[in-house]
Amino acid sequence: MSVLMITVNGQAHEIDVPESRTLAQLLRLDLGLTGTKIGCEEAECGICTVLVDGTPVNSCIYPAFKAQGRAVTTIEGLAQGETLHPLQREFIRHGAVQCGFCTPGLIMTASALLDENPDPGVEDIKHALKDTYCRCTGYTSVIQAIQSAARHKHGAEPLPVNDPEVDEPMEVISRSVSPQQVVEKVTGAAKFTDDFTFPGMLFARTLRSPLPHARILAIRTEHARTLPGVRAVLTHQDVPAENLHGLVYRDWPVLCADVVRYVGDAVAVVAADSEEIAAAALGLIEVDYEPLTVVGDPKFAHSPEAPVLHPNHPTGNLLKHIKVRHGDIAQGFAEADVIVEREYHTPTTEHAFLEPECAIGVPAGCLDHEKLTVYVGSQIPYQDRNQIARAMGLPEEQVRVIGTLIGGGFGGKEDIAGQIHVAMLATVTGRPVKMLYTRQESLIFHPKRHATIIRIKTGAKRDGRLTAVEAELYGDGGAYASLSDKVMTRATTHATGPYVVPHAKIDCYAMYTNNVPSGAFRGFGVTQSAFAVEQNMDQIAALLSIDPIELRRINAQKVGVTTATGQLLRESVGLLETIADVERDMHTHHPSQDFAWTWREGHKAYAWGIACAYKNTGLGGGAPDKSEAEVEAYEDGTVEVRTAAADMGQGIAHVVAQCAAEELHIPYERVRVLLCDTDLTPNGGPTTASRQTFMTGNAARIAASALREAITQSVAEMFDVPPQQITYEEGLLRYNGSRVSVGEVVAWMKQHGLDARARHEYWAPKTEPLGSGGDMHFAFSYATQAALVEIDMETGEILVKKVLSSTDIGRAINPLMLQGQIEGGIVMALGNCLTEEFIIEDGIPWTRLLARYKMPSIKHTPEIVSRLVEHRAAEGPYGAKGVGEIPSINTTPAICNAIYNATGVRIYAIPVDQDALLRAVKAGQESIMTAWSDVR
Amino acid sequence: MKLWNHYHTPHTIPEALALLGDYGGRARIVAGGTDLLIESRAEGHAPHEALIDITTIRELCDITHDGETVMIGAGVTHSQIVKSTLLQQQAACLVESCGVVGGPQVRNVATIGGNVAHALPAGDGTVSLVALDAEAEVIVNGDRRWLPIRDLYLGPAQSLLNPSRDLLLRFRLRGTKPGEASAFNRIMRPQGVALPVLGCAVWIALDEEGARYAKARVCIAPVAPTPVRSEAVEAALVGQATTDATLASAVAAAHATLRPRTSKYRATAEYRHEMIEVLLRRTLITALERARSSQVS
Ligand SMILES: Cc1cc2nc3c(=O)[nH]c(=O)nc-3n(C[C@H](O)[C@H](O)[C@H](O)COP(=O)(O)OP(=O)(O)OC[C@H]3O[C@@H](n4cnc5c(N)ncnc54)[C@H](O)[C@@H]3O)c2cc1C
Ligand code: FES
Ligand code: FES
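Order-wise, the sequence lines are chains A and B.
When the letters of the first sequence are read in order and numbered with this note's numbering, they come out as residues 1 to 936.
When the letters of the second sequence are read in order and numbered with this note's numbering, they come out as residues 1001 to 1297.
See below:
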């Protein structure tokens, strides 16, 4: 311990702290300033940025004692009392805040930029924010917010908000209201799991397998147990009840007993007085392993030589064989005039949500917690509760899961991470226990997007009509099932693309391997199949000399057609309109009068590429799908919506609040939302499959309308007027020329023993299982995107200049935030195409550091033009359907089609390797089958 | 994870040396920490017993010019270099190479001394210092002396300096005169670690008419375990007319003598071979334009 003198946000501190502190630790642990977030501790993500004497630095690697005698400014120090800094205000106005985990870093980096450059251009902003990442927004709104704040600072009018056009806005629905808790997110007051501390709290760490496949011969924990400060060391023997969890199949050990199946499998957990002691204790646990044959890829997994990884699974390493059969495939190809058959490869990819996983367990009876409680930012709190209860041998009612804010999820926070471990450790030690994963641990541990091998054969007639699609997909499910079954089913059922295909035969093999498990990731398998489908479409177009847009128009799904799973589409199919929008925009955005798909300027080749997509809303496939919400009005005139639906930045909180405000005719500002507390909020179901706006939006809408009826009824009784004569206006009820506020009515209801509260359990329209030929899904969203690329023909470098998109989402509940979903989805998909791959070598992850996994930075952000098409879905809330995933599906093939148009080289594997691309260009090769990871 | 136990911020060189001595090999010099601390975390070793921060030693953090020689302290950050109007005139390639490293948060702490001491064969700042024929002042095993920067390197990530004992103090280089110029350029890939596929720095001096290359120094990296000058390329330029034909022969000389390797997940040897031509052309053309315009003014 040494004395550190430091001024933080204008306040001088003289504080005795360990010399080993980083500045981030000092701020968060010693000064309680948790607005500064930690995302990687590698100087990679930039979200820990603070200013030291006005200069931005990464506080995660900045030694606290380096700041001796200096002045530090953090996000908490930016606002002047209640008055927000212009950046904070403009981030809110322009919708540049989603999960909010990156927001302090972006704002601090931007504030240093504005101090230096009062009027930054787009390139200046890109230069300054190059290493400050945001995984949610896609940066377009961030750039606007910064430019707007700059104007603000020197007294000019702020920039207008780029609010998309929508049809028939209502009172609150289809209005761009601010998201919930957004002020907290821009000021650093927002609390994510790691921002909570409890008196007496212990710190936990997990011992993970260093081997992809091995038998555990012995685990010795004595040395770890006796290390001073260690409070518990637990292994499989300490799991109170069932030592297996899993969302679809329960095949994943809480703590491995006899075998480890991937690098990262949990073997033991430790709780200690400090994170450092816990980490040291891990080093003292001895595990004897006997290495076993590693199943490194799905094709080997399917071969008879491969060891069977889950002996209890009835079909061995074949987790699931998924089939689509439609029409007569032989006839389909017999009718075809042209056939294209190709094989495509997509890699394992990582969500890279900026907040690493964290969970805190508090034992029953400790610090006002009546029951065993787990705080966690999870996408599925009720299933967490179920899985914790099973492992603990407790009835579900004796476990409470409290959802905190989530710093991004994208599908990667659906599986159990530390939830069960902290429940066990808290119970054993009788104290609160926090388990925060390091970024490096998060990378190797959590389920990823499936790597796939997709062979796809497409047949078409001379006039462009598709006749048949035959496909075979291999999906690398990794060591445990997670959501592989569902994800690969989606990849399979969407493998015809959003087209009319009379004959289809599609087989998908989801395989167990010794790689990191694969699970849900925005796009849910459809991202992979679209990569193949949409490039085959362009090749068919070329063979037939039909314009690629025209070919898609000829085959586009529309109302009245049947999908390859036999579903008759009865409504809300806006694909043709999205194609028309994008075609129009391509002409407007073309640099010259005469449209051309490709052109050259010096050593730069330019080209457009196009791709379409569709994506189901909701679980579908016969799975019962329901969501419940509760709406309550209070005497002060406010309303609370309660539901366990997760908001990981995508915005379900404001969606349900808007639904309630609309139904109750009250201002949006009067509605607050309580999410994800299994004791206080009813089950909204999993936040996955783009289902929450539709499902929980409906539950909240219907509950709110029931509450409105109850309030109207009460007013009728209070003043003895017929209910039909009562009208609503801005939170007031009018009758007979008089008026009464909602709050007054609530007070009256309470006096008369009535509840000002309504609950609704919404059941989605029934769906049918795959193979039954019925409605597999109750709604689909559609999208078309065009990408304009610039290729440096001397270096192979690829720059995406523009992405034009049009998306049919039924109804834009919140147009600006919805646009944020689209922009963020597009940039994430651009990463999928050009920058991202989680590399595993024979089961050993190479991608152990964030420094080895590049997600798109602000420098990659293209100009994005996004239009909305609103073909109402009759059952959706005000006509809405899902939006979370659709924008992440067709960007990759649109870019690849553009690359082909520019260079004549077809891309069969991603992420695109500029090295191979250039060599192919030089050699006059027409395709590349290798990706970045093949550079060896 | 704790990366160090004690942190020291000495204010003078003797103080720093004394601290290093006191710890008897268990202390480590740190500057911006953007290489050291990240490597320490990645490797997950036990914490360093002590870190000795050299950036609090004032005299190591200045950029000066006495009309002839430019001095750059080892503790000067990339941001200081990028913003220095002096260096923009006197060492354009160094400014360019430091400008592409990381984002502002990294550049604000990462030092040029750290880049050199880290001894990667293609550290961006290092490549430019080699082309500028910089010399380094060091204290090696108590012995203070100047040596050409190339002589610091023993192999990849290996330098003459023992980071628990020796200090890199400053660099000196001759300023750029009229008719002289330098330029830097690099090729990156968007995936994987932030190390260049290939970097290239050139420094040239034209003859009085501006018609011929009078002198040339070229560093293309990585093509060897340490950053090296491409002497064959330099020879192909010196004394030759500033024409396309000379450019072509410089490229031919580079292709004939430089043998870049394939580095896993970074670049294939073939691609690097192609990039030698692109980079050398682009960088030389920029330098040539600069040299000509400096001659006019
Ligand atoms: C996100 C990110 C991006 C990066 N991008 C690039 C890039 O594009 N190009 C590039 O070249 N580098 C890059 N780097 C690497 C790094 O920033 C540079 O190498 C930097 O110059 C190192 O300087 P430092 O002051 O941080 O060194 P430190 O990490 O403090 O030290 C590095 C090594 O040098 C020793 N050392 C430091 N100073 C002295 C001294 N005065 N005397 C003796 N020994 C000393 C240390 O003991 C240590 O061994 C990047 C780093 C990050 C985190
Ligand atoms: S850069 Fe500091 S946490 Fe990522
Ligand atoms: S809002 Fe930027 S990471 Fe979520």
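Don't be surprised by glycine CBs; every beta carbon is placed ideally from N, CA and C.
Residue nearest to residue i in terms of C-alpha spacing, selected from the options
| i | options | result |
| --- | --- | --- |
| A:Leu211 | A:Asp265, A:Gly523, A:Lys191 and A:Trp608 | A:Asp265 |
| A:Thr137 | A:Glu926, A:Glu875 and A:Pro862 | A:Pro862 |
| A:Asp792 | A:Cys676, A:Lys604 and A:Asp915 | A:Lys604 |
| B:Ile1204 | B:Thr1257, B:Asp1022 and B:Ser1294 | B:Ser1294 |
| A:Asp384 | A:Gly39, A:Pro686 and A:Gln819 | A:Pro686 |
| A:Tyr344 | A:Tyr908, A:Ile549, A:Val935 and A:Ser933 | A:Tyr908 |
| A:Ser209 | A:Lys191, A:Glu370, A:Arg261 and A:Asn9 | A:Arg261 |
| A:Gly296 | A:Gln535, A:Arg691, A:Gly478 and A:Glu82 | A:Gly478 |
| A:Val259 | A:Ala214, A:Leu207, A:Ala232 and A:Leu282 | A:Ala214 |
| A:Glu370 | A:Ser781, A:Ala703, A:Tyr634 and A:Asp679 | A:Asp679 |
Limits of the beta strand (DSSP E) - the one that residue i falls within
| i | result |
| --- | --- |
| B:Gly1199 | Leu1198 to Leu1206 |
| A:Asp476 | Leu466 to Gly478 |
| B:Asn1115 | Unbroken run through B:Asn1115 is the alpha helix (DSSP H), Ile1112 to His1118; no beta strand (DSSP E). |
| A:Arg570 | No beta strand (DSSP E) contains A:Arg570, which DSSP labels as neither H nor E. |
| A:Pro291 | Glu286 to Pro291 |
Buried versus exposed call for residue i [16 or more other C-beta atoms within 10 Å across all chains shown]
| i | result |
| --- | --- |
| A:Ser111 | buried |
| A:Val559 | exposed |
| A:Phe101 | buried |
| B:Leu1060 | buried |
| A:Met170 | exposed |
| A:Asp538 | buried |
| A:Phe595 | exposed |
| B:Ala1134 | buried |
| B:Gly1142 | exposed |
| B:Gln1191 | buried |
| B:Leu1230 | Per the sequence shown, the amino acid found at residue 1230 of chain B is Ser instead of Leu. Counting Cβ neighbours within 10 Å, B:Ser1230 comes out buried, since at least 16 surround it. |
| B:Thr1069 | exposed |
| A:Asp194 | buried |
| B:Val1193 | exposed |
| B:Ser1097 | buried |
Delimiting residues of the alpha helix (DSSP H) encompassing residue i
| i | result |
| --- | --- |
| A:Met929 | Per DSSP, A:Met929 belongs to no alpha helix (DSSP H) and is neither H nor E. |
| A:Val655 | Ile652 to Leu664 |
| A:Ser741 | Element bounds for A:Ser741: not the alpha helix (DSSP H) but the beta strand (DSSP E), Ser738 to Ser741. |
| A:Val52 | First-last for A:Val52: Thr49 to Val52, but that is the beta strand (DSSP E), not the alpha helix (DSSP H). |
| A:Val186 | Val182 to Thr187 |
| A:Lys153 | Thr140 to Lys153 |
| A:Ala920 | Gln914 to Ala923 |
Cβ-Cβ separation, residue j to residue i (assumed contact under 8 Å), whole Å
| i | j | result |
| --- | --- | --- |
| A:Tyr878 | A:Arg811 | 5 Å |
| A:Gly459 | A:Ile339 | 5 Å |
| A:Gln205 | A:Ala278 | Sequence check: residue 205 of chain A is Arg here, not Gln. Going by Cβ atoms, the distance from A:Arg205 to A:Ala278 rounds to 4 Å, so yes, they are a contact pair. |
| B:Val1076 | B:Ala1131 | Not confirmed; about 18 Å, so no contact. |
| A:Gly77 | B:Gln1105 | Not a contact, Cβ separation roughly 17 Å. |
| A:Glu663 | A:Arg708 | 6 Å |
| A:Phe838 | A:Glu350 | 5 Å |
Q.
Three or more C-beta pairs under 8 Å: does that hold for the segment 481-493 of chain A against the segment 247-257 of chain A?
A. Counting Cβ pairs under 8 Å, three or more are found: they touch.
Q. Can you find at least 3 beta carbon pairs, one from the segment 137-153 of chain A and one from the segment 87-97 of chain A, that sit closer than 8 Å?
A. Enough Cβ pairs lie closer than 8 Å, so yes.
Q: Count the CB pairs spanning the segment 833-849 of chain A and the segment 436-445 of chain A that are closer than 8 Å, and state whether there are at least three.
A: They touch, by the three-pair rule.
Q.
Does the segment 309-318 of chain A come into contact with the segment 494-503 of chain A, if we say contact requires no fewer than three beta-carbon pairs (one atom in each stretch) closer than 8 Å?
A. Flag = no, the segment 309-318 of chain A and the segment 494-503 of chain A do not touch.
**Q.** the segment 578-598 of chain A contacting the segment 368-381 of chain A, beta-carbon criterion three pairs below 8 Å
**A.** No contact exists between the segment 578-598 of chain A and the segment 368-381 of chain A.
Q.
With a threshold of 8 Å, are at least 3 pairs of Cβ atoms found where one atom belongs to the segment 866-880 of chain A and the other to the segment 381-399 of chain A?
A. With a cut-off of 8 Å, the segment 381-399 of chain A and the segment 866-880 of chain A do not count as touching, because too few Cβ pairs lie within range.
Q. Which residues, in chain order, does the segment 1155-1187 of chain B contribute to contact with chain E at a C-beta distance below 9 Å?
A. Absence of chain E from the displayed structure is noted, the protein chains being A and B.
Q: Check whether the segment 614-629 of chain A touches the segment 757-771 of chain A, counting contact only when three or more Cβ pairs, one atom from each stretch, lie closer than 8 Å.
A: The segment 614-629 of chain A, when compared against the segment 757-771 of chain A, does touch it at the 8 Å Cβ threshold.
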